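Number of protein chains: 2
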Amino acid sequence: MHNPSQQNYIQQLSIDCVIFGYHDKQLKVLIPKLNFNGDFWAVPGGFVYQDEDIDKAADRILQERTGITEIYLEQFHVFGKAARNSQKFIDRLISLNPDMLGDELIVKAEYEWFARRFVSIGYYALVDINKVIPQKIDLDDSVEWYNIKDLPEMIIDHNEIVIKALETLRLNLDEKLIAFNLLPETFTMREVQELYETIFDKPFARNNFQKMILDLDVLERLEKKFTGAANKAPYLYRFRK
Amino acid sequence: MHNPSQQNYIQQLSIDCVIFGYHDKQLKVLIPKLNFNGDFWAVPGGFVYQDEDIDKAADRILQERTGITEIYLEQFHVFGKAARNSQKFIDRLISLNPDMLGDELIVKAEYEWFARRFVSIGYYALVDINKVIPQKIDLDDSVEWYNIKDLPEMIIDHNEIVIKALETLRLNLDEKLIAFNLLPETFTMREVQELYETIFDKPFARNNFQKMILDLDVLERLEKKFTGAANKAPYLYRFRK
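Structural data, given as structure tokens:
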């Protein structure tokens with residue numbers, strides 16, 4: 000809620016971003032907590048300037064919290080129920096933070112602007128978690144990675160937005176070969192399998208999985224990974240773009 | 000452009016629908032031609048009422064031109080470039096239809112409303128072409144099925160919208176088992192294959208194709224189709240929902 004010059008934005012349109020990272024057999028989502036009384040969490044979001052492409056707006060919003068550019072990013076769903084608005088959230092925010100009302104942040108016009116029905120374009124992003132240093136913006140108390148199985152309760156419909164993003168990620172995984180965006184530059188076949196098992200939340204048979212991935216014909220085999228035990232060392236692979 | 004009570008709609012947000020039908024080995028798109036001088040074609044579109052779900056708005060827009068409800072319908076992409084507006088189209092429309100300016104339709108406020116940048120949510124619909132009787136609304140000169148390989152040149156970015164819808168249809172075809180929405184109630188395996196060949200614009204090997212479709216385990220085999228030549232008669236199938 001950083002003082003949007005309201006006329007510079009498209010009205011009643013927002014962008015919400017689900018940023019996925021992967022680490023240690025856990026699929027994670029980057030979630031800021033707002034710097035107000037009341038424990039408010041929300042996925043990174045924002046509005047679209049009149050002279051800005053929506054994809055650029057999503058880039059900007061992602062960059063604010065991750066510090067990185069050139070992220071794999073994709074629209075996945077528009078959340079557009081008539082009843083979709085922030086009224087409850089804002090009312091609760093004000094009731095727990097009554098000093099806001101004396102603040103220029105929440106003047107009547109702004110309240111009305113924010114509390115209207117918003118259509119929100121959902122984007123999901125896939126990042127190499129090692130490359131992201133979570134960044135706070137003015138409004139944030141913290142910005143942290145949460146295991147997708149253990150998310151905080153977020154404002155408005157943001158928990159549903161994450162669930163829908165995960166469904167889409169699963170659907171797109173093979174078609175679009177995007178899982179490799181979640182891995183570091185080089186990886187073992189076992190690491191790929193663990194990633195898929197985490198995303199789908201189920202085990203795969205090792206031989207079949209390996210064949211399926213190699214059949215995609217998108218990996219380049221590199222030297223063996225140094226483990227100290229030469230004969231058991233697994234090969235490293237790299238995604239061939 | 001039927002006199003939108005502008006304050007009843009969400010500003011700068013539109014919906015555009017690509018309605019696919021299939022007939023005689025041709026994938027077709029239902030396209031209205033506007034009732035003005037100048038040969039203007041556009042996919043069926045409209046705006047979203049303040050108190051209307053976006054999916055409901057898409058239903059309404061589809062029903063206007065097809066006369067049917069309960070259509071398979073899916074959001075596929077949001078078109079949101081900053082430069083996306085109707086200015087060129089409207090200017091050309093007015094220049095070829097100067098009497099419009101004397102009309103209450105195009106008063107200055109309406110011009111400004113329509114000529115602004117719009118973010119458009121694209122939906123595609125799959126219909127059984129036999130069930131649709133194309134319907135004209137006030138603005139239409141005609142509403143006809145066009146072969147996707149022979150589309151008229153449409154306004155704004157509507158040709159791109161159709162191309163993107165086709166790409167998404169191809170991506171989703173297997174994952175979501177939606178092709179059967181384009182077929183009549185019962186069909187032969189050959190008809191399914193012809194449909195897939197048309198959508199992908201390439202041939203499939205008969206045995207592999209048949210195996211792939213049967214492996215989906217979504218078809219129910221019925222009696223043989225009556226052709227007069229009993230021993231060569233193909234089986235009929237039905238999609239099991």
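Note that the protein sequences, when read in sequence, are chains A and B.
Just so you know, we're using numbering that gives the first Met the number 0 here: the first sequence kicks off at 0 and counts up by one.
Just so you know, we're using numbering that gives the first Met the number 0 here: the second sequence kicks off at 0 and counts up by one.
By construction, the Cβ of each residue, glycine as well, lies at the ideal position given by its N, Cα and C atoms.
What you are looking at is a predicted structure, and each value in this text was computed from that prediction instead of being measured.
Which of the three DSSP states is assigned to residue i in this structure?
i: A/D139; result: strand
i: A/I177; result: coil
i: A/Q10; result: strand
i: B/I60; result: helix
i: A/T187; result: strand
i: A/F39; result: coil
i: A/F225; result: coil
i: B/F238; result: strand
i: B/L218; result: strand
i: A/D54; result: helix
i: B/F208; result: helix
i: B/K231; result: helix
i: B/T68; result: coil
i: B/L170; result: helix
i: B/L213; result: helix
i: B/F203; result: coil
i: A/Q49; result: coil
i: B/L182; result: coil
Spell out whether any CB of chain B is found under 8 Å from the CB atom of residue i.
i: A/D50; result: yes
i: A/V77; result: yes
i: A/A81; result: yes
i: A/Q74; result: yes
i: A/I136; result: no
i: A/I53; result: yes
Does the beta carbon of residue i sit closer than 8 Å to a beta carbon anywhere in chain A?
i: B/V42; result: no
i: B/E193; result: no
i: B/I198; result: no
i: B/I162; result: no
i: B/Q86; result: no
i: B/R237; result: no
Based on DSSP bridge pairs, tell me the residues matched to residue i.
i: A/Y195; result: A/Y195 pairs with nothing; no bridge assigned.
i: A/D15; result: A/G44 and A/G121
i: A/K27; result: A/G20 and A/N146
i: B/K32; result: B/W40 and B/S141
i: A/S74; result: According to the sequence displayed, residue 74 of chain A carries Gln and not Ser. In the DSSP output, where bridge partners are listed per residue, A/Q74 has A/Y122.
Using 7 Å as the cut-off, classify the Cβ of residue i as near or not near the heavy atoms of the ligand ATP, replying yes or no.
i: B/N7; result: Here there are no bound small molecules, and the ligand ATP is not part of this structure.
Would you list, in sequence order, the uninterrupted beta strand (DSSP E) runs of no fewer than 3 residues that lie entirely inside the segment 81-168 of chain A? Runs of beta strand (DSSP E) with 3 or more residues, each lying fully within the segment 81-168 of chain A, are found at 118-125 and 139-146, listed in chain order.
What residues in the segment 6-24 of chain B have a beta carbon less than 9 Å from any beta carbon of chain A? Going along the segment 6-24 of chain B in chain order, one finds I9, Q10, Q11 and L12 with a Cβ nearer than 9 Å to chain A.
Given a limit of 8 Å on CB to CB distance, which residues of the segment 112-125 of chain B reach chain A? Cβ contacts with chain A: R116, V118 and I120.
Chain-ordered residues of the segment 168-183 of chain B with a beta carbon less than 7 Å from chain A: The segment 168-183 of chain B vs chain A, Cβ under 7 Å: L170 and E174.
Residues of the segment 197-225 of chain B with Cβ closer than 9 Å to any Cβ of chain A, in chain order: Listed by position, the residues of the segment 197-225 of chain B near chain A (Cβ gap below 9 Å) amount to none.
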